[in-house]
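From first to last, the protein sequence lines are chains A and B.
Here our numbering is used: the first residue of the first sequence is 4, the next is one more, and so on.
Here our numbering is used: the first residue of the second sequence is -15, the next is one more, and so on.
For every residue, glycine included, the Cβ atom is placed at its ideal position computed from N, Cα and C.
What you are looking at is a predicted structure, and each value in this text was computed from that prediction instead of being measured.
Okay, so here's the structure we're looking at.
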Amino acid sequence: MRARGVRWAGFSNWVPIGLVCFGCLCPAHAKQSQTQTGTQPATNPPSATSSQPQPVSPGLANIPAATQARPTELRFLVLLDPAHGGTDMGAMLDPATPEKTYTLALAERLRAALNARGIRSILTRTSDVGLDSDARATIANHSRASACISLHATSTGNGVHLFTSSLPAVTEADPRRAFLPWQTAQAAYETSSLRLESDVDAAMTQQHIPVLTARTSILPLDSMACPAVDIEVAPLDATTPLSDAGYQKKVLDALDAALVAWRSDWRQQP
Amino acid sequence: MIPRYQKVILWVLLISSVLMAAYLIRMRARTQDRLAAIPDSAPMPIPVETAPVQVKLLIANDEDGSLAPVEQQFALPTETTTRARTLLNDLFAEYAKSGSPHPLAPVVAVDDVFLLPVPESNAAHPQQMAVINLDGSFVDHHPSGILVENLTLLSILGTLQANFPQIAQVRFLVDGRPRATLAGHADLSRTYLTANDVPQAPGSDAPASQDAQSPAKQPAESQP
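Okay, structure coming up:
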């Protein structure tokens, strides 16, 4: 059974793995509904073959009907988290481009590319709104995503920097896995996150983009109950800035290919 | 028509005011001279000329995400907290130099370092928690990004670990107050453990590779 975690009233600091919130009255659901602009909470289960009630993300309302007709495809969902937003500008990539704008544009283009391949995806934000770390993790954990990708950008360094959580991994045999603190929910997904990072690394390398992998402690990554990777895009080199259209296409193609590869890997997991 | 006696009273009062003002000014000057003549009995540390000592700095590199140990000679104060603060400011002075591999603004980075005993540490080897009070202008000028912020924190932790082995835990404040992140990414709200968070490359003095940067959190039970 694939463990899932949510945060709901009464367990504000704990993530009960294996339990889900079936109602839409908890604060987490309410917050999620507010952050998904322009969508209504779906009332149908996400999988046509599932007879049990499932937590439904408002983002699922955007799924094309043609995609919904394929149950096997429906189980694979990618969450894209464009970092920053609202008053949180993030880094200034150039005098006119804050990080929040770049990450949102990148996420929307990646979503379009994934949709074209029949891969469902949702965004934590679709406009210039501020979301705190808890809200982002809440959306990720309620969506029951198969991959959670946080997108960042920086003008420092070069290539693409991949980060996974530095939390000590909690194995399936560990009794602590049943109830993990909200701040360390990612500990149960360390192994799968590293495999996802490996797929992204391979795809970037195939596009001749330098990759730097590291582990770090950063929110909301540590609170996400899904295979999660933070991707920080830096200029390719001294002559190829972040705004270079060719470079952006290479990054998007690599991420697209990585998630296609991850879909195969994810299905093979127990 | 003002009567003559009123004119006389007015002039007497006016002259009295001037005389009193002159007297007060004179008394104030005499009091100041008297207080200045009293010797200052407050204890004053005797300036000690310390010889430069060998210290190890962990220098970050933004290009490859590495931390390289660099030996340098600095004259440092003998008192531990002042010594730690001076060492960290010397570290950031290196980053402010032109051509630095991890360029940072040339401002004072660390206002204070406080050392607190760690209660659960072994009595034979007492450990300390360092509370580092970063200067607000340093934080405001710090470049934003996961990698660059992470490297700054690891450089601080690694330098402290190399020169103050008794420091086992590190927390951060900015202008005396808790702050969520350094510049939008790296977590400043948690306690860092030098033993776990500083990357240990194979071979004690080898530079830490980019893949070895693994600031691990405290065990889940001890999270705030």
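Mind checking who residue i pairs with in its DSSP beta bridge?
| i | result |
| --- | --- |
| residue 25(B) | Residue 25(B) pairs with nothing; no bridge assigned. |
| residue 95(A) | 101(A) |
| residue 40(B) | 55(B) |
| residue 113(B) | 100(B), 153(B) |
| residue 217(A) | 166(A) |
| residue 243(A) | 240(A) |
| residue 161(B) | 158(B) |
| residue 153(A) | 84(A), 233(A) |
| residue 123(A) | 80(A) |
| residue 50(B) | 45(B) |
At a CB-CB cut-off below 7 angstroms, which residues of chain B make contact with residue i?
| i | result |
| --- | --- |
| residue 166(A) | 130 |
| residue 93(A) | 128, 168 |
Taking only beta-carbon atoms, is residue i less than 7 angstroms away from chain B?
| i | result |
| --- | --- |
| residue 234(A) | no |
| residue 262(A) | no |
| residue 249(A) | no |
| residue 155(A) | yes |
| residue 221(A) | yes |
| residue 215(A) | yes |
Indicate whether at least one CB of chain A lies closer than 7 angstroms to the CB of residue i.
| i | result |
| --- | --- |
| residue 110(B) | no |
| residue 220(B) | Past the edges of chain B, shown from -15 to 208, lies residue 220(B), and the structure says nothing about it. |
| residue 1(B) | no |
| residue 119(B) | no |
| residue 106(B) | no |
| residue 134(B) | yes |
Just to make sure I have the definition right: I need the residues of chain A whose C-beta is within less than 8 angstroms of the C-beta of residue i. Which are they?
| i | result |
| --- | --- |
| residue 24(B) | In chain order: nothing, as chain A lies at least about 49 angstroms away. |
| residue 155(B) | Ordered by position in chain A, no residue passes the 8 angstroms Cβ test against residue 155(B), which lies about 13 angstroms from the chain. |
| residue 171(B) | 220, 221, 222 |
If residue i and residue j are in contact, beta carbons under 8 angstroms, what's the gap, nearest whole angstrom?
| i | j | result |
| --- | --- | --- |
| residue 216(A) | residue 165(A) | 5 angstroms |
| residue 159(A) | residue 129(B) | 5 angstroms |
| residue 89(B) | residue 134(B) | Contact flag wrong, Cβ pair sits at about 18 angstroms. |
| residue 138(B) | residue 110(B) | Contact flag wrong, Cβ pair sits at about 25 angstroms. |
| residue 117(B) | residue 83(B) | No, residue 117(B) and residue 83(B) are not in contact; Cβ-Cβ is about 29 angstroms, not under 8 angstroms. |
| residue 84(A) | residue 147(A) | Going by Cβ atoms, the distance from residue 84(A) to residue 147(A) rounds to 15 angstroms, so no, they are not a contact pair. |
| residue 186(A) | residue 227(A) | Not confirmed; about 11 angstroms, so no contact. |
| residue 42(B) | residue 53(B) | 6 angstroms |
Can you give the Cα-Cα distance for residue i and residue j, rounded to whole angstroms?
| i | j | result |
| --- | --- | --- |
| residue 110(A) | residue 91(A) | 17 angstroms |
| residue 119(B) | residue 74(B) | 14 angstroms |
| residue 8(B) | residue 16(B) | 12 angstroms |
| residue 95(A) | residue 213(A) | 22 angstroms |
| residue 122(B) | residue 236(A) | 24 angstroms |
| residue 97(A) | residue 107(A) | 16 angstroms |
| residue 257(A) | residue 205(A) | 9 angstroms |
| residue 167(B) | residue 24(B) | 45 angstroms |
| residue 141(A) | residue 172(B) | 22 angstroms |
| residue 145(B) | residue 152(B) | 8 angstroms |
| residue 162(A) | residue 63(B) | 44 angstroms |
| residue 261(A) | residue 157(A) | 21 angstroms |
| residue 40(B) | residue 100(B) | 23 angstroms |
| residue 104(A) | residue 114(A) | 15 angstroms |
| residue 79(A) | residue 196(A) | 15 angstroms |
| residue 210(B) | residue 178(B) | Residue 210(B) lies beyond the stretch modelled for chain B, which goes from -15 to 208, so this question has no answer here. |
| residue 173(A) | residue 152(A) | 21 angstroms |
| residue 122(A) | residue 180(A) | 29 angstroms |
| residue 229(A) | residue 35(B) | 55 angstroms |
| residue 181(B) | residue 126(B) | 21 angstroms |
| residue 28(B) | residue 245(A) | 57 angstroms |
| residue 249(A) | residue 117(A) | 19 angstroms |
| residue 270(A) | residue 191(A) | 18 angstroms |
| residue 267(A) | residue 162(B) | 44 angstroms |
| residue 140(B) | residue 133(A) | 31 angstroms |
| residue 136(B) | residue 80(B) | 13 angstroms |
| residue 182(A) | residue 171(A) | 15 angstroms |
| residue 119(A) | residue 168(A) | 30 angstroms |
| residue 38(B) | residue 143(A) | 49 angstroms |
| residue 136(A) | residue 222(A) | 6 angstroms |
Show which residues of chain B have a CB atom less than 8 angstroms away from the CB atom of residue i.
| i | result |
| --- | --- |
| residue 161(A) | 47 |
| residue 199(A) | Within chain B, no residue comes near residue 199(A); the closest Cβ sits about 16 angstroms away, beyond 8 angstroms. |
Output, in chain order, the set of chain A residues within a Cβ distance shorter than 9 angstroms of residue i.
| i | result |
| --- | --- |
| residue 160(B) | The premise fails here: residue 160(B) is roughly 23 angstroms from chain A at the closest Cβ pair, so nothing lies under 9 angstroms. |
| residue 174(B) | 186, 220 |
| residue 73(B) | Within chain A, no residue comes near residue 73(B); the closest Cβ sits about 22 angstroms away, beyond 9 angstroms. |
Starting from residue i, find everything on chain B with Cβ-Cβ shorter than 9 angstroms and list it in chain order.
| i | result |
| --- | --- |
| residue 87(A) | 168 |
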